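The numbers in our numbering rise by one with no breaks, and the one at position 75 of the sequence shown is 75.
The C-beta atom is built at its ideal place from N, Cα and C for all residues, glycine as well.
Since this is a predicted model, take the numbers as computed values, not measurements.
Below is one structure; the comments refer to it alone.
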Amino acid sequence: MAKSLDDMEFRPVRIIGEFDHDGEVLIGPRHLIDPKSSAGADGGNSLFSSGAGVGYHVITPFRLADSGERVLVNRGWVPAKLADPATRPQWQQRGRVELIGLVRLTEPAGLVGGYLVDARSPANSGAVGPQSRSARRGVTCRIRRDVEALSGELNTLPFFVDACASGVDSSESAGTFPIGGQTRLSLRNEHLSYIVTWYSLGALLLVFWAMRIR
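Structure follows, in structure tokens:
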């Protein structure tokens, strides 16, 4: 299964089921990736992802309607003042929901969220430096997205989905949270480089052909 999951990173999926908000954990600190922005980003890890203040990604177990199995869903970003779920009961979705998202794998050790992370340390999935001091008391917080560790802790499959931004206007300006779409893929446009390369090769072939017939 591990090999097949490795091949699925960033693949879009559609899931139907219900959230188990009692198992909610946070990953952070993170800066907001504005889903409406055209700027490229890296899943909210950078301290420079946006001009928004520091917040957290809300990770919630999600029970699949068809199988009853549970997976992990990153519902999106909330500001630090809303880290405690008791401060946002109106946004704790209940009942059956349908989500579109991207499959994500475990974050590698290194610079994550602006902090140095050591994957060998079990505490907070390997946090070295500030841990969960910005989160509200009683809220479980992790520095790094460690899918295997989270799935073991929350009794879910080792399958992690970053929810895409929904049709609902969830944003700082709208005042609704969490804000989904915290993975942004920046794909380079290679068409121009291909055109330049092939035209250059064509020009060289013409030069060689002209030299041979002289």
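Have a look at the options and flag the residue whose alpha-carbon is nearest the alpha-carbon of residue i.
i	options	result
Arg75	Ser67, Glu9, Arg104 and Gly53	Arg104
Gly101	Glu18, Thr183 and Leu5	Thr183
Val58	Ala65, Pro158, Glu69 and Phe19	Phe19
Cys223	Ser4, Asp6, Glu24 and Ile33	The question about residue 223 has no answer here: the residues shown for the chain are numbered 1 through 214.
Ile27	Ile213, Leu150 and Lys36	Leu150
Thr156	Tyr56, Leu5, Val13 and Leu64	Leu64
Gly110	Val78, Asp7, Trp91 and Ile143	Ile143
Phe62	Gln92, Ser4, Trp77 and Met8	Gln92
His21	Arg145, Pro89 and Lys81	Pro89
Would you tell me roughly how many angstroms separate the C-alpha atoms of residue i and residue j, rounded to the nearest one?
i	j	result
Glu98	Ile15	6 Å
Ala83	Pro178	10 Å
Ser46	Arg30	Confidence at Ser46 is low in this model, with a pLDDT of 44, below 50, so the placement of that residue is unreliable and no value is reported for it.
Gly181	Ile213	60 Å
Ser67	Pro158	15 Å
Glu153	Leu5	19 Å
Lys81	Val73	21 Å
Arg145	Pro79	18 Å
Asp7	Pro108	16 Å
I need the DSSP call for residue i, collapsed to helix, strand or coil.
i	result
Thr60	strand
Ser134	Residue placement at Ser134 cannot be trusted, given a pLDDT of 44 that sits under 50; what the coordinates show is reported in the next sentence. Ser134 falls in the coil class under three-state DSSP.
Pro29	strand
Glu98	strand
Pro79	strand
Pro89	helix
Asp22	helix
Does the Cβ of residue i have 16 or more other Cβ atoms within 10 Å, making it buried, or fewer, making it exposed?
i	result
Ala86	exposed
Val71	buried
Gly17	buried
Phe10	exposed
Leu216	Outside the displayed span of the chain (1 to 214) sits residue 216, for which this structure offers no information.
Does the distance from the C-beta atom of residue i to that of residue j stay below 8 Å?
i	j	result
Val147	Thr176	no
Cys141	Val54	no
Val139	Val13	no
Gly23	Thr60	yes
Is the Cβ of residue i closer than 8 Å to any Cβ of chain B?
i	result
Gly55	Going by chain labels, chain B is absent from the structure shown, which holds only one protein chain.
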